[in-house]
Amino acid sequence: MKFGKTFETHLTIEWRRQYMRYGDLKVLIKRGVDRAPPPATTPDYEIQAYYRAFEETFLMECQNELTRVNNFFLEKLSEARRKHNTLKIQLLAYSHVPGHTSSDLSIGSNRIASHLPNRRRSSAEKKMTQRQLRSAYSEFYLSLVLLQNYQSLNETGFRKICKKYDKYLRSTAGAEWFDRNVEFAPFTDGHLLQYIIAEVEDLYTLHLAGGDRSMAMAKLRVPPLGEPTPPFMVFRAGLSLGMLIMLVMATAAIYWKRPPTADNIPGFMRLYRGPFTWVIFNFFMAANVAGWQRAGVNHVLIFEIDPRSHLLPATFLEIACVFGILWALSMLGFLLHDLIFVPDPFLFPLALILIMLGMLVVPLPIMNWPARWWTMKLVGRVVSAPLHYVGFADFWMGDQMVSLGNCLVDHYYIFRFYATCWLRSHLMINCFKPDVMVPIMSSLPAWFRFAQCLRRFRDSGSKSVGTATRSTIPSPGSSSPATWWPSSTAISGTYCGTLASSGSFVVNTSSSGPNWYTPFRSTTS
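Below, the structure is given as structure tokens:
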């Protein structure tokens, strides 16, 4: 990967405007070379004058970039020092270290608390609990690592651009300027930042990890940028994919040889179409994340995910394959229920749904619990969109739910079947007829998206309400499928699907570069 793409991938989105403008300087060099006077028709003194003027212009731009980077780095370093001192006082007071009592906590907060109402002063001076301290130190350590990445990325950017200048201009001015200015710049001096990082690690190890440094670093450590996927994870994903392919082939062969009875075919199709959404969604997530990484989109920072616990494409592929294996095994049980002495084949779809839900919501620190908790919180924020501020991740999930409107109806049919029809004497075909809840369920994703846009319009006065028009067009086929001609259903479904997919495509691709970032994506800052 070229450094320009690496630079865009690894930068912190919130600080995008504070990095050196590597791309602009690269364009400046190319423009300077292209506009150089031709040697065949231009005197030597004019050529030398042109290159001297261009060198002065280029180095002046580099100096301006260096000044801006230095100022921002020093500002963030000062904030880090103040934050470090505050957390250190809180931690030592919590640990009852001699010389650090709870009265010390009010030293830094007296000025703030004096301007607050009486009922809020106590909260400003309250001692933090161990859980709060761990969370605060984890977040603070992450900010220090981001600042360290900012430092190294800008230093590499200046080195690369000076080297590129010397290469294209056949000069040594770039290297000389770098040695004279960047090597001794404040932002390249990482001693103080490294000292703060080391002290944070020591304090966390001693007071919050019981002296166990390995446990402390497991909580604090941030994976390096651009870390490759572990080979064992790729092996597990490939093994799961192979098992899924074999099971799907076996299921198709058995369905061809031993299809369900005519009465059970509608139930078989309806009950297994909904869970298949879980499989295909994770497959597409694996493709999305892999595509974002290849295109240089830092989705971890865009979606505000903890870098310590984000999922890699191989993990999404493994999750999709595990769900697919369960889905195929359940269908095999349905088709072969008489051979394994299970009288009711509809136990297998119910078991599949319960297992999938259990794997999602089980509150244990297993099976990527941070990612599962993040997903559940995100879905909850989409459902309660009018009640709180809406961020980019909320908009993204809302778009996905609009695209999955029919899948939500399928899950409603599953719930209704097991609540009202199962174990009762009803014709199977009647158990999956639409009722008044079907159009309501199919309209819910569009309402969630519309509520998000209304909330964003209220908070920022942006033009997000116009975006809601696309999201709130319901599919007539899903509202009353019994009364619409098949051609009308197909046309309306294709039209609405195209609108939803195009909107999702614009949202997803808008984060691939700064030129797409502002006009097509809802801002979150």
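Numbering (my numbering), first residue to last: -2 to 522. Yeah, the Cβ is synthetic: ideal placement off N, Cα and C, and Gly gets one too.
Asked	Found
Return the chain-ordered ranges of every alpha helix (DSSP H) run that is complete within the segment 188 to 239 and spans a minimum of 4 residues.	188 to 200, 210 to 217
What number of angstroms, rounded off, separates the C-alpha of residue 390 from the C-alpha of residue 267?	31 Å
Does the beta-carbon distance from residue 213 to residue 201 come in below 8 Å?	yes
Among residues of its own chain, excluding the 5 on either side of residue 271, which ones have a beta-carbon nearer than 6 Å to its beta-carbon?	407, 408, 411
My output table needs one value for residue 413: the three-state DSSP class, helix, strand or coil.	helix
Please name the residue, chosen from 320, 49, 242, that lies closest to residue 355 on a Cα-to-Cα basis.	320
State the CB to CB distance for the pair residue 445 and residue 398, rounded to an integer number of angstroms; the pair is presumed to be in contact (CB under 8 Å).	6 Å
When you compare the segment 47 to 66 with the segment 22 to 34, are there three or more beta-carbon pairs, one atom per stretch, that lie closer than 8 Å?	yes
Please return the same chain residues whose Cβ sits closer than 7 Å to the Cβ of residue 12, not counting the five positions on each side in sequence.	147
Determine, using beta-carbon pairs with one atom in the segment 1 to 17 and one in the segment 294 to 313, whether at least three such pairs fall under 8 Å.	yes
Would you kindly report the start and end of the unbroken alpha helix (DSSP H) that includes residue 310?	310 to 332
Does the beta carbon of residue 424 come closer than 8 Å to any beta carbon on chain D?	Included in the structure is just one protein chain, with no chain D present.
What does a CB cutoff of less than 7 Å around residue 471 pick up in its chain, not counting 5 residues either side in sequence?	Residue confidence for residue 471 is low, a pLDDT of 48 falling below 50, so the modelled location carries little weight; the figure read from the coordinates is stated next. Closer than 7 Å at the Cβ level, and outside the excluded window around residue 471, lie 439, 440, 443.
Looking at the structure shown, is residue 28 part of a helix, part of a strand, or coil, going by DSSP?	helix
Are there 16 or more other CB atoms within 10 angstroms of the CB of residue 40, so buried, or fewer, so exposed?	exposed
Kindly give me the distance between the Cβ atoms of residue 368 and residue 308, rounded to whole angstroms, as I take these residues to be in contact under 8 Å.	5 Å
Quick one: what does DSSP say residue 364 is sitting in, helix, strand or coil?	coil
Write down the C-beta distance between residue 353 and residue 401 rounded to the nearest angstrom, noting that I regard them as a contact closer than 8 Å.	About 15 Å separates the two Cβ atoms, so there is no contact after all.
Only counting the same chain, and skipping five residues up and downstream in sequence, which positions put a Cβ closer than 8 Å to that of residue 219?	138, 139, 142, 304, 305
I need the DSSP call for residue 355, collapsed to helix, strand or coil.	helix
If you reduce the DSSP assignment to three classes, tell me which class residue 448 lands in.	helix
Just verifying my parser: in three-state terms, what is the DSSP assignment at residue 42?	helix
Can you give me the C-alpha to C-alpha distance between residue 431 and residue 405, rounded to a whole angstrom?	13 Å
Measuring straight from C-alpha to C-alpha, what distance separates residue 165 and residue 92?	59 Å
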